[in-house]
Amino acid sequence: AGVDVSYVSPHEAVAGYVLLDLATLEQLWSTTVVCPVRFPYITGYLSFRELPMYAALFEKVREADRIADVLFVDGNGILHPRRAGSASCVGVIFGVPTIGVGKKLLLGQVDLHDIPPAAPREIVHEGEVLGYAMTAGKSNRPFFVSPGHLTSLDDSKQLTQQVLGKTRLPLPIMLADRLSRDIAKEQKS
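Per the working numbering, the sequence shown starts with residue 1, numbered consecutively.
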């Protein structure tokens, strides 16, 4: 499954959850919640802003008994200055395996020039591999994958490669983003 948050306004947001069959990539189920925003955006502190929204979302997911085996979170896992980005926090708090998918590189060194879709590049910080820079589809803009909770570096790389499609981001993230954006647009009108 993938989760993402889209913002209606500075004070309101939509959290989206899309459950996929990892073998077929078929969408099985989805849901959203509209929530107030109570914390400003501060780089490196995304979990403080989005965890309350994910809490409301997970309440609906649990009630429907639709918890995924692994959750792709739009945000970093251990590829974070405190080794605990929003994907790590979501996993710990809700007790689910998570993989972080970030759009900004917060730390580490990696050659971002011409990354082929089938060849993830290690991101190294202080001698330790914390994640991978990857590309997908026809995009040459990388995204950054790292373990969140109850997943390894290898898990995060392999599972992400399994859900890549023709779009810039992994399919679970792209679908959750599209769902939450569509509902956010409806809320604005």
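Just so it is clear, CB atoms sit at the ideal spot from N, CA and C, and this is done for glycine as well.
| Query | Result |
| --- | --- |
| Cβ contact (3+ pairs, closer than 8 Å) linking the stretch 9–23 and the stretch 44–60 | yes |
| In chain order, each beta strand (DSSP E) run of at least 3 residues that lies wholly inside the stretch 124–177 | 128–134 and 143–149 |
| For Asp-177 and Gly-131, the rounded distance between their alpha carbons | 22 Å |
| Cutoff 7 Å; reference Ala-87; Cβ partners in own chain excluding five residues on either side | Val-73, Gly-75, Asn-76, Gly-77, Thr-98, Ile-99, Gly-100 and Gly-148 |
| Own chain partners of Ile-173 with C-beta closer than 7 Å, once the 5 adjacent residues on each side are dropped | Gly-2, Asp-4, Phe-72, Asp-74 and Val-101 |
| Classification of Ile-115 by the beta-carbon crowding that lies within 10 angstroms, buried from 16 upward | buried |
| 7 Å CB neighbourhood of Val-92 in its chain, flanking five on each side removed | His-149 |
| Where Pro-52 sits in the DSSP three-state scheme | helix |
| Expected contact under 8 Å - CB spacing of Val-8 and Lys-188 to nearest Å | 6 Å |
| Exposure of Thr-151, with buried meaning 16 or more beta-carbon neighbours within 10 Å | buried |
| Cβ-Cβ distance between Ser-6 and Arg-181 below 7 Å | yes |
| Through-space distance from Ala-64 to Phe-58, alpha-carbon basis | 10 Å |
| Endpoints, the beta strand (DSSP E) within which Val-18 is located | 12–20 |
| Rounded straight-line distance, which links the Cα of Thr-135 to that of Val-33 | 30 Å |
| DSSP bridge partner residues for Thr-32 (one or two, in chain order) | Gly-16 |
| Cα-Cα separation, Lys-138 to Thr-43 | 28 Å |
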